[in-house]
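One line per chain: the protein sequences are Z and A, in this order. Using my numbering, the first residue of the first sequence is number 1153, and each one after it goes up by one. Using my numbering, the first residue of the second sequence is number 1153, and each one after it goes up by one. Backbone N, C-alpha and C define an ideal beta-carbon position, used for all residues, glycine too.
2 protein chains.
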Amino acid sequence: MNFSAERLFTEARTHNGFTDEPVSDAQLRQIYDLMKWAPTSANASPARIVFVRSPAAKAKLLECVSPGNVDKTRAAPVTAIIGMDMAFYDKLPQLFPHADARSWFIGKKEFADTTAFRNSSLQGGYFIIAARAVGLDCGPMSGFDNAKLDAAFWAGSETRTNFICNLGRGDPAKLFARSPRLTFEEACRID
Amino acid sequence: MNFSAERLFTEARTHNGFTDEPVSDAQLRQIYDLMKWAPTSANASPARIVFVRSPAAKAKLLECVSPGNVDKTRAAPVTAIIGMDMAFYDKLPQLFPHADARSWFIGKKEFADTTAFRNSSLQGGYFIIAARAVGLDCGPMSGFDNAKLDAAFWAGSETRTNFICNLGRGDPAKLFARSPRLTFEEACRID
């Protein structure tokens, strides 16, 4: 499988409208089978994902998103909820079997929470690039009611929502003009 | 430019040793010119990067990293410091010119801090995939003295370090065995 720079980065856009073209289970599994290999601290892999696709689940989700995100979320064939398992360290004996990495986090809530947030966000970045790689367009959003969404989709678990992301075939007619980016000199330096 | 799934995701590894092959300015600019296009909330683009390459800067960096990260950081031709501009909102009139997005963050420190951390981490994910895309190997790390590193590289600014990442041509002889990943069923569900 090969991907172009245009598809992954330079021409890809954040989409606000989507066509009716459905998203298959196979595409969702392909996304995960790419992103799962990218690095996280101690291989902790804290991201958890709910792919919201059925009408019942979508209706539940729509009650949690900000007013400005309702129409595009309704239009998207799938919305991914990117969560973070705040008890990710309980999986470290499986994911990092050569050391007692679980003990690095037990009783250190602030360190564990920071690790969950940083690394599930890194995985969110991998997710977006992987979704584009399998031919889907993305519309990531952070405007939603966290407590309500957590209760609706992560009840009974230690997982909390990080952000959500519409997935599908984007409708170019609904794109906004592209906003500028910082230049290399504005964002970077070489020491 | 085309990239393989193996190069970006499935065969790429976190490297602990690097060859002497240098990393050029052009490669560092190519990384940024890919990653800058990937999405952030309100196009806020909070990531700032110092590419540490000169012997003097590298020596300064080595005093800030955890003992277990010293040798590999010394071996890497470049170490990128991925920072987050905690006052990123001051650039929103430039980056998001069609609305007064700066006002969404002013006086809301917790919301602004969370946005800086989430989005600079997303950009960290884009950075790692982009570095692989331009042919480099990565070794991301979060073991360092934050206060010391911030004082050494971000003095006089509102930027704070998120994580650091070695860059270069990885030495396959120094790889560890690959750790397992969660299955789709362990990490995801389709609702």
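- At least 9 Å separates the beta-carbon of glutamate 1158 of chain A from that of aspartate 1237 of chain A.
- Note on aspartate 1289 of chain A: 16 or more other CB atoms within 10 angstroms of its CB, so buried under the neighbour-count rule.
- A distance below 6 Å between beta-carbons, with the five flanking residues on each side excluded, links phenylalanine 1155 of chain Z to the following residues of its chain, in chain order: Ala1285.
- Residue environment for threonine 1166 of chain A: buried (at least 16 other C-beta atoms within 10 angstroms of its C-beta).
- Residue-level contact by beta carbon holds for proline 1191 of chain A and chain Z, with a gap shorter than 9 Å.
- Under the three-state reduction of DSSP output, leucine 1288 of chain A falls in the coil class, being neither helix nor strand.
- Non-local beta-carbon contacts of glutamine 1246 of chain Z in its own chain, meaning distances under 8 Å to residues more than five positions away in sequence, are absent.
- Chain order gives no chain Z residues near aspartate 1302 of chain A, where near means a beta carbon separation below 9 Å; the closest approach is about 14 Å.
- Nearest to alanine 1228 of chain A by alpha-carbon distance, out of A:Ala1239, A:Phe1203, A:Arg1330 and A:Asp1242, is A:Phe1203.
- For the region 1260 to 1322 of chain Z, the continuous beta strand (DSSP E) assignments of 3+ residues that do not extend past its boundaries occur at 1289 to 1293 and 1311 to 1320, in sequence order.
- For alanine 1282 of chain A, the chain Z residues whose Cβ falls inside 8 Å of its Cβ are Phe1161, in order along the chain.
- Counting only Cβ-Cβ distances below 8 Å, aspartate 1297 of chain A has no contacts in chain Z at all, with the closest Cβ about 14 Å away.
- Ranked by how close their Cα comes to the Cα of glycine 1259 of chain A, the residues A:Tyr1241, A:Phe1161, A:Phe1305 and A:Gly1320 have A:Tyr1241 in first place.
- For arginine 1254 of chain A, no alpha helix (DSSP H) segment is defined, and its DSSP state is neither H nor E.
- Residue pairing of alanine 1199 of chain Z in beta bridges, as defined by DSSP: Z:Met1236.
- Within 7 Å of the CB of valine 1202 of chain Z, the CB atoms of chain A belong to Arg1341 and Asp1343, in sequence order along the chain.
- Taking all protein chains in view, the Cβ of arginine 1330 of chain Z is surrounded by fewer than 16 other Cβ atoms within 10 Å, so the residue is classified as exposed.
- When beta bridges are read from the DSSP output, valine 1230 of chain Z appears opposite Z:Leu1319.
- Taking a Cβ-Cβ threshold of 9 Å, the residues of chain Z close to arginine 1205 of chain A are Ile1342 and Asp1343, in chain order.
- Contact annotation: in the region 1267 to 1279 of chain Z, residues whose CB is within less than 9 Å of a CB in chain A are Thr1267, Phe1269, Arg1270, Asn1271, Ser1272, Ser1273, Leu1274, Gln1275, Gly1276, Gly1277, Tyr1278 and Phe1279.
- Under the Cβ criterion of 9 Å, tyrosine 1241 of chain Z is not counted among the residues facing chain A.
- For leucine 1213 of chain Z, the closest C-alpha among the options Z:Ile1316, Z:Arg1312 and Z:Gly1277 is that of Z:Ile1316.
- Taking 9 Å as the CB threshold, lysine 1188 of chain A lines the interface with chain Z.
- When 7 Å is used as the limit between beta carbons, arginine 1333 of chain Z is near these residues of chain A: Lys1188, Trp1189 and Ser1197, in chain order.
- With fewer than 16 other beta carbons inside 10 angstroms of its own, glycine 1287 of chain Z counts as exposed.
- Nearest CB-CB separation between proline 1292 of chain A and chain Z: below the 9 Å threshold.
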